[in-house]
Structures are given as structure tokens and as C-alpha cells.
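>
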Amino acid sequence: MRLAHLVVCLGVIGLAACSPQRPTVPAAPALRVVVPLNTPPYAFRQENRLVGLEVDFARELAAALRRPLDLVETDFGDIIPAVQQQRADLAMAGLTITRARQVLIGFSDPYLRSGLLAAMRREDVPRFKSASSVLRTSEPIGVVAGTTGDRFVREHAPNASVLTYPTARAAIDELRQRRVTLVVHDAPVAIWFAAGDEANIGVLLELLDEEHLGWGMRREDDGLRAAVNGVLARWRTDGTRERILGRWVPYWQRLEAGTPGR
């Protein structure tokens, strides 16, 4: 009896040892996303928590792709190099899709039709009633160095003196201090600062130009581009894109419609 029992036990152990093992599924790699440092409404710190338009998009995107998220804040000037040097998979930084940038990196489909707006002191709002009045001015205009606003003002406002700043916040502070008369920058950013200080800052809700914002990635990363575009297409139908834009970009519907007004 003892021998038979031993044989049965060994047989059971042998079957267990020979049974096929369930293959281990490798963990999905983290989605490394670079966002701009201290640039509301795209990405900024609120009570030491990273929040903003691009932060919300990044979190939703990582969840949709079933990948853990690794968010990295960096200076705007290092956003594109981070992607080129493979330190990040995606740049979610309020990037305007331009031909010059498309030489350097690839882009997703646009997630917002936008453009450049002019912010000004509230008392100066009656003086600037149209985009053409902004571009005709000979007064100082503040821009953020290296942005599409920087290039646009130099090309289309030849009479203005152009002062560059490292961030939109710095440019708006100079506007408050009367060192510049206007600040030309991305519409979501200009609207954000005006909405947060309506008593002192106004914005002309007429686009100086039309731009489309997208997320940057390496040009050869076709798989990631297809995955991101697929998620974005789904967001356009299920309301995710509209929900996040509505949280961070007042008047975004007017921007997409290209509706001029004040």
C-alpha cells in the first residue's frame, strides 16, 4: 500500500511538472511623455500636483493604450530635442504643427484648431479692435522665444519692437508692468491668463493666424502614431476631447470655428 501510494504521488508530481506553464506576459513599457515646465494651461503645478490640458490628455492616452505613464517636465526649448534623442516617446506641449517642425519630428493628427491671439492691458482693449490694428502697431510686443508667435510677429508686424521672454508668464508680467503693450502667444495660453485676471488683462478674440496643435513623436514611430491617432479619433466621438478642452480652454469652440470677436 505504501509503495502504491508513493507511485501515485510521484505520478501526480510528474504530471504537474510536465503541465504547460502559462507564458509570462511582459509588462507594457511606460509611455514617456514630455510636457512644458510651468506653462498653464498645458502643464503646471497646482499645490505641488502636476495638472493641465496636456497632463489630462497624457493620462487619458496612457490609460487608453494600457501603458504606465512617465511624465517629465522640461523647458520648452528642450521639448523637441527630448523626442529626437529618444528621451521621450511623445511631446505633449501645445505644439503647433509647422513645416519646420515636421522636418524634425512627426506629429499626430491635430487635436485643436487654434492660432495666435493678442493679450493687452484692459485699458488698451478699445485701441485694438482687429487683428490688423495689432499688426500695424509700432509699440513693443512681447513674445516667447522660439515659438510660432515669435516668428509671426517678426514677419507680420514690421513696425513693432519685439521683446522675447522665456515663458508666457514672464511676458504677461511685463505686460502688467507696462514694458510691452501687447503679448502675442498661443490662444489657449493668452485666454488662460486673461480669464485669470479679467480686471487687468484683456484679449482680442480674433485669431492673428490659424494653427493646429498636435502631439510630437519620432518621425519613424509609425506604430505609436497610428495608436495615438486611433485614440484621438475615438475621443472625438465619445466626448473625451471636448470634456478635457472645456476644462482648460475657455472659448475653445470659437477658436475651432474661427469666429472673430471680442
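The sequence shown stops at residue 656 when you use our numbering, and every number in between is there.
Virtual Cβ for every residue (Gly too), placed ideally from N, Cα, C.
1. Within 10 Å of its beta-carbon, does V497 have 16 or more other beta-carbons around it, so buried, or fewer, so exposed?
2. Which residue spans inside the stretch 416-502 form an unbroken beta strand (DSSP E) run of at least 3?
3. Check whether the stretch 635-647 touches the stretch 535-548, counting contact only when three or more Cβ pairs, one atom from each stretch, lie closer than 8 Å.
4. Can you tell me whether D616 is helix, strand or coil according to DSSP?
5. Are the beta-carbon atoms of G500 and R613 separated by less than 8 Å?
6. Going by the C-beta, is V625 closer than 7 Å to any heavy atom of the ligand MG?
7. Using 8 Å as the threshold, is the C-beta distance between R515 and N623 below it?
8. Determine the contact status of H579 and T531, defining contact as a CB-CB distance below 8 Å.
9. Do L463 and V429 count as a contact pair if the criterion is CB distance below 8 Å?
10. Keeping to the same chain, check which residues put their C-beta closer than 7 Å to that of W586; ignore five residues upstream and five downstream.
11. Looking only at DSSP bridge pairs, what is V578 linked to?
12. Can you tell me whether L557 is helix, strand or coil according to DSSP?
Taking the structure as given:
1. In the sequence shown, residue 497 corresponds to position 103, counting from 1. By the neighbour-count definition (other C-beta atoms within 10 Å, threshold 16), V497 is an exposed residue.
2. 425-430, 438-440, 443-445, 463-468 and 484-490
3. By the Cβ rule, the stretch 635-647 does not count as touching the stretch 535-548, because fewer than three pairs are nearer than 8 Å.
4. Taking the first residue of the sequence shown as 1, we reach residue 616 at position 222. Correct three-state label for D616: helix.
5. For the purposes of this step, residue 500 is identified with residue 106 of the sequence shown, where counting begins at 1. For the purposes of this step, residue 613 is identified with residue 219 of the sequence shown, where counting begins at 1. The answer is yes: Cβ separation under 8 Å.
6. Questions concerning the ligand MG fall outside what the structure shown contains, since it holds no ligand whatsoever.
7. For the purposes of this step, residue 515 is taken as residue 121 along the sequence shown, with counting starting at 1. For the purposes of this step, residue 623 is taken as residue 229 along the sequence shown, with counting starting at 1. Result no, Cβ atoms of R515 and N623 do not sit closer than 8 Å.
8. Numbered from 1 along the sequence shown, position 185 holds the residue referred to as residue 579. Numbered from 1 along the sequence shown, position 137 holds the residue referred to as residue 531. In this structure, T531 does not lie closer than 8 Å to H579 by Cβ.
9. Sequence index remark: in the sequence shown, residue 429 carries index 35 (1-based). Sequence index remark: in the sequence shown, residue 463 carries index 69 (1-based). Remark: C-beta atoms of V429 and L463 do not approach each other more closely than 8 Å.
10. Your numbering for residue 586 matches position 192 in the sequence shown. Around W586: P434 and P435.
11. Stepping through the sequence shown from its first residue, residue 578 is reached at position 184. DSSP lists A512 as partners of V578.
12. For the purposes of this step, residue 557 is taken as residue 163 along the sequence shown, with counting starting at 1. It is a strand residue.
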